[in-house]
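Let me begin by presenting the structure, written as structure tokens, before commenting on it.
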Ligand code: ACO
């Protein structure tokens with residue numbers, strides 16, 4: 002009966018035994034995973050857009066090759082995650098429809114514009130840095146397919162973070178003008194990067210339950226603090242300044258204190274009113290519509306092949 006199924010599920014969670022697609026799971030566990038994994042997948046796919054803008058503008062062949070590889074990795078992460086999500090019993094097409102209709106969320110960060118080449122550096126360093134901070138613990142998430150997908154994703158994210166930091170380092174060791182570009186990119190990307198970790202714990206609707214289920218292993222505020230703590234020495238090494246006058250080492254806490262995040266801006270962006278929300282969703286919708294003929298052709302081909310095999 003349902004009670005013993007639930008007991009068995011809870012026992013697995015307590016013992017840190019992975020939940021697999023064919024195992025019984027509470028309906029809300031399934032829904033929470035579909036929500037988080039699909040939002041994560043959408044983020045990878047929408048996340049290709051701000052950077053794709055710079056592939057043709059990258060300053061050298063080497064930079065172009067790295068940018069191309071990185072954007073391709075993100076496509077791969079998205080496909081991986083959609084597959085993991087489908088194991089929960091939802092169709093990919095439904096997930097895409099929810100993105101295109103504005104029902105499903107994707108990370109707030111990808112609704113900001115990439116104005117200069119230095120933004121490619123700042124995104125790799127900060128945005129991918131924040132993504133790793135958030136995703137390494139997800140390698141231990143209780144749902145097997147999600148956790149396993151995260152292992153490879155995190156390895157590739159580390160490469161992205163390093164290529165971004167190296168772009169920043171090159172700019173910071175370059176001319177005055179290049180260093181200014183790096184500082185300007187840091188100024189614009191710092192606060193949105195902190196927002197990636199989600200609302201403060203007191204305002205986070207899902208954290209408590211997701212921690213109990215072993216989906217999340219740290220709270221939003223805990224991960225944000227870790228990110229601030231590792232980023233400050235990196236900014237010092239680059240010789241640029243994090244745009245926060247309240248950022249200082251707190252000996253007692255053993256962490257950096259930092260200033261108030263503009264939560265109004267965050268909630269505005271996730272409601273769809275950020276600087277690039279419309280542009281991003283339009284781009285995805287157009288890509289889907291323009292690809293309709295490919296899907297139709299593939300389906301027709303598969304049907305023809307199946308008929309031939311029968312004959
Ligand atoms: N951007 C957009 N929406 C967000 C963000 C964000 N940065 N942070 C939180 N939200 C949304 C949540 O999705 C939730 O909305 P919903 O109930 O409509 O789904 C709401 O704000 C409340 O937040 P939480 O209760 O804290 O939600 P949750 O427990 O899901 O935590 C988090 C949010 C930390 C982003 C979690 O979902 C997560 O770890 N996801 C996987 C990682 C991920 O998606 N990364 C994407 C960016 S990294 C990259 O793609 C390179």
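In the UniProt record's numbering, the protein residues as written are 2 to 312. We treat Cβ as the ideally placed atom computed from N, Cα and C, and that holds for glycine. All figures in this text were calculated on a predicted structure; none of them were measured in a lab.
For residue i and residue j, what's the separation of their Cα atoms in angstroms?
i	j	result
residue 30	residue 214	8 Å
residue 288	residue 49	13 Å
residue 156	residue 133	9 Å
residue 57	residue 176	23 Å
residue 32	residue 163	34 Å
residue 140	residue 150	8 Å
residue 7	residue 111	38 Å
residue 295	residue 285	16 Å
residue 230	residue 192	14 Å
residue 1	residue 93	With the chain represented from 2 up to 312, any question about residue 1 goes unanswered, as that position is not in the structure.
residue 114	residue 277	7 Å
residue 26	residue 2	13 Å
residue 78	residue 36	16 Å
residue 144	residue 216	7 Å
residue 146	residue 83	11 Å
residue 159	residue 101	30 Å
Report the partner residues of residue i according to the DSSP bridge assignment.
i	result
residue 250	257
residue 20	144
Which whole-angstrom value describes the C-beta separation of residue i and residue j, a residue pair presumed to lie in contact below a C-beta threshold of 8 Å?
i	j	result
residue 262	residue 197	So it is not a contact: roughly 11 Å between Cβ atoms.
residue 125	residue 165	1 Å
residue 121	residue 42	With 8 Å as the limit, residue 121 and residue 42 do not qualify as a contact, their Cβ atoms being about 23 Å apart.
residue 313	residue 119	Since the first residue shown for the chain is 2 and the last is 312, residue 313 is missing from the structure and cannot be characterised.
residue 222	residue 247	Residue 222 to residue 247, Cβ: 16 Å. No contact.
residue 142	residue 40	Actually they do not touch by this definition, with Cβ atoms about 14 Å apart.
Could you name the residues of the same chain whose beta carbon sits closer than 7 Å to that of residue i, not counting the 5 residues immediately before and after it, in chain order?
i	result
residue 13	20
residue 225	195, 198
Within a Cβ cutoff of 6 Å, which residues of the same chain sit near residue i, ignoring the five residues on either side of it in sequence?
i	result
residue 135	224
residue 71	161
In chain order, what residues of the same chain lie with their CB nearer than 8 Å to the CB of residue i, ignoring the 5 residues before and after it?
i	result
residue 243	187, 191, 232, 233, 236
residue 60	118
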